[in-house]
Amino acid sequence: MTTESPGRPLLEKAKGTAAGVARRLASTRLGQKAKDSLRTDPVPVSLDQWLRPLFGEELDRIEAALEGAGPEGYALFRELDDDLWSLLLTKEYSEWPRIRAFLPDLPEPALQQMWNGTSGPALAAQSVCFYRKLKEMQGTHGAGPLAESRILDFGCGWGRLTRMLGRDLEPGNLYGCDPVESILQISRDSRVPARLGRSDFLPESLPFEEKFDL
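Following the working numbering, the numbering of the sequence shown begins with 523 at its first residue and continues without gaps.
Listed below in structure tokens is the structure:
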């Protein structure tokens, strides 16, 4: 299991994920500057300092549209780059208070590290790889569009991957189960946008009657 020093610069922790976003923008002068800074800049910089110039206009639109939004508000994030979406879920930025308030909360870094070996943007960089592959496989082998699917995250833990799918599905079509009630409660308290249920450690059945597409 790997752990991270609390003093490690945020951009260094986010390097893998944020560099992926910057690569998509490398044809622009600002995008190239962001990519270079992620590779070489030793000075701690908050995510706001590149989220604002690179994505500020788009995030401002989402921020305004979220006023009074319920679960349907997750659809506002569907067109965002996967890497950007994963970083927004870390909430390690100070702008866009409606976005921060709308998205699920996160457990303490120590709990994230206990369950997954790391936390924050570094964990987002790992999670988005699986998330992207899952969407790719569903697009190839799924019976229908992802947005119309009913999905179960079996062994959801604190909702690390569950929350990433929140933007892709219609409200009510995302489910999660886990045999550990205490971690399920953390998912509930964090407002993970899914129906959650406790499963057995060696289940013969699921805690839901619905049938799932994935």
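Quick reminder that beta carbons are idealized off the backbone N, C-alpha and C, glycines included. All of these numbers come straight from a predicted model, not from anything done at the bench.
Measuring only the C-alpha atoms, how far is R682 from S649? If I take the Cα positions, the gap works out to 8 Å.
Kindly indicate which residue of H663, L573 and D711 has the alpha-carbon position closest to the one of Y615. The shortest C-alpha separation from Y615 is found at L573.
Burial state of P629, where buried means 16 or more other Cβ atoms lie within 10 Å: buried
Pairwise C-alpha distance: R685 and L736: 15 Å
By Cβ distance below 6 Å, which residues in the same chain neighbour D563 in space, the five residues on each side in sequence not counted? The predicted model places D563 with a pLDDT of 43, which falls under 50 and marks its position as unreliable; any figure quoted below should be read in that light. Nothing meets the Cβ criterion.
Is DSSP giving R622 helix, strand or coil here? helix
Do L691 and D700 have their beta-carbon atoms positioned less than 8 Å apart in this structure? no
Could you check which residue in F676, G694 and R654 has the C-alpha nearest to that of S727? F676
Should L718 be labelled buried (16 or more other beta-carbon atoms within 10 Å of its own) or exposed? buried
Less than 8 Å separating the beta-carbons of P643 and T612? yes
Residues near G595 in its chain [Cβ-Cβ closer than 8 Å; skip 5 each side]: A587, L588 and F624
Secondary structure at L547, three-state DSSP: helix, strand or coil? For L547, the predicted model reports a pLDDT of 48, less than 50, meaning its position is unreliable; a value from the coordinates is still stated below. DSSP places L547 in coil when its eight states are reduced to three.
Rounded distance between the beta-carbons of V702 and P626, thought under 8 Å: Wrong, their Cβ atoms sit about 18 Å apart, outside the cutoff.
Considering just the uninterrupted stretch of the alpha helix (DSSP H) at G578, what are its terminal residues? D570 to A587
Who are the Cβ neighbours of G664 in its own chain at under 8 Å, not counting the five residues just before and after it? S671, D735 and L736
Could you check where the alpha helix (DSSP H) with D604 kicks off and where it finishes? D604 to L610
Is E585 closer than 8 Å to R620 when the C-beta atoms are compared? yes
Integer Cβ distance of W618 from L668, believed to fall under 8 Å: Not a contact, Cβ separation roughly 26 Å.
Residues in its own chain within less than 8 Å of E731 by CB, not counting five upstream and five downstream? Take E731, set aside five residues on each side of it, and no residue of its chain has a beta-carbon closer than 8 Å to its own.
As assigned by DSSP and simplified to three states, the class of F676: strand
What is the C-beta distance between W637 and W680, in whole angstroms, given that I count them as a contact (C-beta under 8 Å)? With 8 Å as the limit, W637 and W680 qualify as a contact, their Cβ atoms being about 6 Å apart.
Ordered along the chain, which non-local residues of its own chain (more than five positions away) have a Cβ less than 7 Å from that of P693? P593 and E594
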